[in-house]
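Notes to accompany the following structure.
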Amino acid sequence: MSEPPLEALDKAIIGDIYRSHTAYERLVELCDSCGPRFAGTAGEQRAATLLAQWLAEAGLAQVQREPFGYLGWRRGESRLEIVQPTAYPLAALALPHCPPGDIEAELCSVGGGEADDYRAAGAAADRLQGKVLLCAAESSGPSGQPPSHRRLKYGRAVTAGAAAFLYYNQNPGGLAVTGSLATRKPAPIPGLGLAYEDGATLLRLLEHGPVRVRLHVTAAFPEVESTNVLADLPADPASPHRDELVLAGAHYDSHDIAPGALDNGTGVVIILEAARALAAAYRAAGRAPRRRLRFCFFAAEEIGLLGSWNYVSRHAAELSQLRFMLNVDDIGHSDPGAESLHLVGCPELVPHFAAHAQAMRYPLSVHERLSTSSDHFPFVMHGIPAGLVENEASPERATGLVGRGWGHTIADTVDKVRPATVQSAAVVTARLLLRLAEDERWPGRQRLPAAVESDLAASGRLAELRQSGRWPPPWSTTTSDN
Ligand SMILES: [Zn+2]
Numbered sequence: 002m003s004e005p006p007l008e009a010l011d012k013a014i015i016g017d018i019y020r021s022h023t024a025y026e027r028l029v030e031l032c033d034s035c036g037p038r039f040a041g042t043a044g045e046q047r048a049a050t051l052l053a054q055w056l057a058e059a060g061l062a063q064v065q066r067e068p069f070g071y072l073g074w075r076r077g078e079s080r081l082e083i084v085q086p087t088a089y090p091l092a093a094l095a096l097p098h099c100p101p102g103d104i105e106a107e108l109c110s111v112g113g114g115e116a117d118d119y120r121a122a123g124a125a126a127d128r129l130q131g132k133v134l135l136c137a138a139e140s141s142g143p144s145g146q147p148p149s150h151r152r153l154k155y156g157r158a159v160t161a162g163a164a165a166f167l168y169y170n171q172n173p174g175g176l177a178v179t180g181s182l183a184t185r186k187p188a189p190i191p192g193l194g195l196a197y198e199d200g201a202t203l204l205r206l207l208e209h210g211p212v213r214v215r216l217h218v219t220a221a222f223p224e225v226e227s228t229n230v231l232a233d234l235p236a237d238p239a240s241p242h243r244d245e246l247v248l249a250g251a252h253y254d255s256h257d258i259a260p261g262a263l264d265n266g267t268g269v270v271i272i273l274e275a276a277r278a279l280a281a282a283y284r285a286a287g288r289a290p291r292r293r294l295r296f297c298f299f300a301a302e303e304i305g306l307l308g309s310w311n312y313v314s315r316h317a318a319e320l321s322q323l324r325f326m327l328n329v330d331d332i333g334h335s336d337p338g339a340e341s342l343h344l345v346g347c348p349e350l351v352p353h354f355a356a357h358a359q360a361m362r363y364p365l366s367v368h369e370r371l372s373t374s375s376d377h378f379p380f381v382m383h384g385i386p387a388g389l390v391e392n393e394a395s396p397e398r399a400t401g402l403v404g405r406g407w408g409h410t411i412a413d414t415v416d417k418v419r420p421a422t423v424q425s426a427a428v429v430t431a432r433l434l435l436r437l438a439e440d441e442r443w444p445g446r447q448r449l450p451a452a453v454e455s456d457l458a459a460s461g462r463l464a465e466l467r468q469s470g471r472w473p474p475p476w477s478t479t480t481s482d483n
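Add 1 to a position in the sequence shown, counting from 1, and you land on the number used in the working numbering.
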């Protein structure tokens, strides 16, 4: 079979997206008209309506809304004060799924919250029992490993018998940092996010003697509903591969303290723009893709990947037809032209995509590493090859900020996003999807979920996921029980 005329479609997509301002305009509208899009709130529902409308306007078929219910979380009061050595109020933010509580206890630092930090602080000798633990949001993982996820640092505090967990930002500016503690249930102990300055104050005080703090949290746990929004670019009915599927996704929920422009408004408009340009290019060429392309906006990612777990549960019967899942999450803070492809669970595809990058004449670096903290993860656990379009330039290089940068703070707003970064990432995303839909040669393979799980268990990662409450999944993934 001869190669399909990728060249013409490729040129059409590149020309279209680089001449369009649609993606950035939609980011502005998404953030300004919906506000924060926290899981199970009216803001998230407003965004679902907008996304369904934009998918239809892009000319996609079968625009669908897939609602699911679960136990949500609503913020109440969060107060934190130093009571010893001196009375001193601090600004604190209850972390999603923080239970209500009134606690006064001695403070103890656990450094960066890595396993070694907990050991050094006396976790094994029960020295952390009943204490309020102070933990840095960013840390260096052991021997070149990525740093532990917030939920794992918190899980270690719970295991150590702590009374509460304080999690402070490393970026100055009075920005208390947020991030969820549990999924579909109250977290076992209170957890509060702090600004860099308050973390630094507490650490200084600890150098001179005992510190006691008092915290007060109220919260509600209502039954709520969230909705995944998806649509298809159908395959050519004459294609022998018409039943195969390529999925591109991005979560559209945000935390409750900001409109989440970077995390993940940018991912949403990048996927939308890729969908729009691909649909237009195929239409102009008078043909349809060899494989069905599906675009899905996941809800409730920030409180435990609920949307993507719900998707794999609901669509269990058709996962065997899924060739690849491409995710875009939190990418807009860096330089245009510095994109990379981060593959997860499919090392065999590194040379394949590297060859594509070369043929695209685009400096797209390709690497493979396990990552568990976004919507590709439920697919990876089902043995489906997956990847993320990322930005090689860390926020540190672009902004001087470490870790999540402005993400998960009140400063995650539209003014932080550069239109050119969104445009460039949308081009890369669309060009990759074009190749995923058309490629005849495909060295990727699905793995058995049991094999993925036993590999994770052997590497110790499954135990970490259990300790952080991220395993087992929130829904049965063999039957749809939502
Ligand atoms: Zn995100």
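Just so you know, even glycine gets a beta-carbon here, dropped at the ideal spot from N, CA and C.
Model, not experiment: these values are computed from the prediction.
- Taking 7 Å as the cut-off, one finds no heavy atom of ligand 1 near enough to the beta carbon of N229.
- DSSP places V270 in the helix class (H, G or I) of the three-state scheme.
- DSSP places A358 within a helical segment (H, G or I) once states are collapsed to three.
- Annotation: A183 to E340 spans about 31 Å, alpha carbon to alpha carbon.
- Collapsing the DSSP output to three states places E391 in a strand.
- For L176, the closest alpha carbon among the candidates A161, G194 and G162 is that of G194.
- Residue environment analysis places T42 among the buried positions, since at least 16 neighbouring C-beta atoms fall within 10 angstroms of its C-beta.
- Per DSSP, the unbroken alpha helix (DSSP H) holding S455 starts and ends at P450 to S460.
- Runs of the beta strand (DSSP E) lying entirely within the region 183-256 and spanning at least 3 residues, in chain order: 192-195, 213-221, 224-234 and 246-252.
- Across the structure, A124 and G162 are spaced so that their CA atoms are roughly 9 Å apart.
- A straight line joining the alpha-carbon of D440 with that of L434 spans about 10 Å.
- Taking 8 Å as the cut-off, the Cβ atoms of A24 and E274 count as close.
- Between Y19 and V429, the C-beta gap is not smaller than 8 Å, which leaves the two residues out of contact.
- When the five nearest sequence neighbours on each side are left out, the beta carbons in the same chain lying within less than 7 Å of the beta carbon of Q63 are those of A232 and D233, in order along the chain.
- Shown here, N311 sits in a helix according to DSSP, grouped into three states.
- Taking the Cα positions, G112 is about 53 Å away from Y283.
- In the three-state scheme derived from DSSP, where H, G and I count as helix and E and B as strand, G44 is classed as helix.
- Inter-residue distance for G261 and D254 is about 8 Å (C-alpha atoms, whole angstroms).
- Annotation for G192: L96, C99, Y155, F166 and L182 place their beta carbon closer than 6 Å to its own, counting only its chain and skipping 5 residues before and after.
- In the structure shown, A59 adopts coil according to DSSP, grouped into three states.
- Taking C-beta separations shorter than 6 Å and ignoring five residues to either side along the sequence, the partners of L94 in its chain run S79, A177, T179 and G194, following chain order.
- Going by beta carbons, E107 and P189 fall outside the 8 Å limit.
- Note on G73: 16 or more other CB atoms within 10 angstroms of its CB, so buried under the neighbour-count rule.
- Of the candidates K12, V367 and G346, the residue whose Cα lies closest to the Cα of A355 is V367.
- Residue side-chain check: H150 keeps its Cβ at 7 Å or more from all non-hydrogen atoms of ligand 1.
- In its chain, beyond the 5 residues on either side, A24, Y25, L28, T267, V270, I271, E274 and G333 have a beta carbon closer than 8 Å to the beta carbon of V423.
- According to the DSSP assignment, Q424 belongs to the alpha helix (DSSP H) that extends over P420 to E439.
- Within the same chain, Cβ atoms closer than 7 Å to the Cβ of A358 are found at L365 and V367, the five residues on either side in sequence being excluded.
- If the five residues before and after G384 are omitted, its C-beta is found closer than 8 Å to the C-beta atoms of G346, Q447, R448, L449, P450, A452 and V453, all from its own chain and listed in chain order.
- Cβ atoms of S110 and L135 come within 8 Å of each other, at about 5 Å.
- For the 8 Å CB-CB criterion, T400 and G406 form a contact.
- DSSP, reduced to helix, strand and coil, places C99 outside both helices and strands of the structure shown, so it counts as coil.
- When secondary structure is reduced to three states using DSSP, N265 falls in the helix class.
- A straight-line Cα-Cα distance of about 22 Å links S21 and R436.
- Listed by position in the chain, the residues whose beta carbon lies within less than 5 Å of some heavy atom of ligand 1 are D264, N265, D330 and D331.
- Collapsing the DSSP output to three states places S144 in a helix.
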